[in-house]
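S.K.:
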Amino acid sequence: MMALAGDNSSKAENDFRLLVAYYHRKDLASHFEAKRIAGDKKANRKNANAHGISSAKLDHYLKSVIADDKQKVVDKLYSERQNLEWMGLIPKTTGGDLLSQGERVTGEPLIRASGFQAGLLGNDRVSGHMAGTDEDHWWLTSYDEGRKEYETKIPDLLARIEANEDKEAPPADDDED
Numbered sequence: 000m001m002a003l004a005g006d007n008s009s010k011a012e013n014d015f016r017l018l019v020a021y022y023h024r025k026d027l028a029s030h031f032e033a034k035r036i037a038g039d040k041k042a043n044r045k046n047a048n049a050h051g052i053s054s055a056k057l058d059h060y061l062k063s064v065i066a067d068d069k070q071k072v073v074d075k076l077y078s079e080r081q082n083l084e085w086m087g088l089i090p091k092t093t094g095g096d097l098l099s100q101g102e103r104v105t106g107e108p109l110i111r112a113s114g115f116q117a118g119l120l121g122n123d124r125v126s127g128h129m130a131g132t133d134e135d136h137w138w139l140t141s142y143d144e145g146r147k148e149y150e151t152k153i154p155d156l157l158a159r160i161e162a163n164e165d166k167e168a169p170p171a172d173d174d175e176d
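Start counting the sequence shown at 0; every next residue gets the next number (numbering that gives the first Met the number 0).
Shown next, in the form of structure tokens:
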């Protein structure tokens, strides 16, 4: 069918084809980026597993760190612990309280732990507390301590791991025929 004067159907079809290509390129780039990220995560998990850290532990840790509602994390733990008690796999906690065997962490210790953890993980140095308050000071001080510990101790730890792996590797065959 031939386009008549003023008929924009072929132009519209060409524009549509270009838009499909435009969005497909974005989808394709996202697809390959997701595959790259999945590969990075798989390699990280393999290395962690070689050092005795399970994927389940990393998954739980990640979910706990990024959870919007930390209470849901605690509630899930309570439910899982309750199931294990009912099956007789762990002793029953007194009074049915998940945290009854230890002190609940509140106030300053909780704020300090949160700041320290944020420093270890390299998160932004923003406490979320009102600037200049004791809570802000506790969090920021602990953040700096966590950041310092990571920056000063991780290079040595990784060097020791690498040295240990080098010792376990089979010797290189230096014989040349």
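Even for Gly, the Cβ is constructed at its ideal location relative to N, Cα and C. Since the structure is predicted, the reported quantities are computational estimates derived from the model, not experimental observations.
Under three-state DSSP, which class holds leucine 88?
M.R.: Note: leucine 88 maps to coil in three-state DSSP.
S.K.: Helix, strand or coil: which one does DSSP assign to glycine 38?
M.R.: In this structure, glycine 38 counts as helix in the three-state DSSP scheme.
S.K.: Report yes or no: do three or more beta-carbon pairs, one from the stretch 112–119 and one from the stretch 133–149, lie closer than 8 Å?
M.R.: Yes, the stretch 112–119 is in contact with the stretch 133–149.
S.K.: Among residues of its own chain, excluding the 5 on either side of glutamate 32, which ones have a beta-carbon nearer than 6 Å to its beta-carbon?
M.R.: Excluding sequence neighbours, glutamate 32 sits near nothing in its chain.
S.K.: What is the residue span of the alpha helix (DSSP H) that isoleucine 65 lies within?
M.R.: Where isoleucine 65 is concerned, the enclosing alpha helix (DSSP H) stretches over 54–65.
S.K.: Who are the Cβ neighbours of glutamate 107 in its own chain at under 7 Å, not counting the five residues just before and after it?
M.R.: These residues qualify, in order along the chain: Trp137.
S.K.: Which of helix, strand or coil does DSSP assign to arginine 80?
M.R.: In the structure shown, arginine 80 sits in a helix (DSSP, three-state: H, G or I).
S.K.: Report buried or exposed for tyrosine 142, applying the criterion of at least 16 other Cβ atoms within 10 angstroms of its Cβ.
M.R.: Result: buried.
S.K.: Under the three-state reduction of DSSP, which class applies to asparagine 122: helix, strand or coil?
M.R.: Correct three-state label for asparagine 122: coil.
S.K.: Quick one: using the 10 Å Cβ neighbour count with 16 as the cut-off for buried, is isoleucine 110 buried or exposed?
M.R.: Buried: at least 16 other Cβ atoms inside 10 Å.
S.K.: In whole angstroms, what is the alpha-carbon distance linking methionine 86 and arginine 80?
M.R.: Approximately 10 Å, taken between the alpha carbons.
S.K.: By the three-class DSSP mapping on this structure, what secondary structure does glycine 127 have?
M.R.: Correct three-state label for glycine 127: coil.
S.K.: If we ignore side chains and look at the alpha-carbon of each, how far apart do aspartate 176 and lysine 166 end up?
M.R.: Low per-residue confidence applies at aspartate 176: pLDDT is 48, beneath 50, and the placement is therefore not dependable, though the value from the model is reported in the following sentence. Using only the alpha carbons, I get a separation of about 26 Å.
S.K.: Provide the residue span of the alpha helix (DSSP H) that contains glycine 51, from first to last.
M.R.: Here glycine 51 belongs to no alpha helix (DSSP H), and DSSP marks it neither H nor E.
S.K.: Using 8 Å for Cβ pairs, my map puts histidine 50 next to isoleucine 153. What's the rounded Cβ distance?
M.R.: Rounded, the Cβ-Cβ distance is 13 Å, inconsistent with contact.
S.K.: Taking just the CA atoms, how far does alanine 66 sit from valine 72?
M.R.: Cα to Cα, valine 72 sits roughly 8 Å from alanine 66.
S.K.: What residue does the alpha helix (DSSP H) around aspartate 155 start on, and which one ends it?
M.R.: Note, aspartate 155: alpha helix (DSSP H), 133–167.
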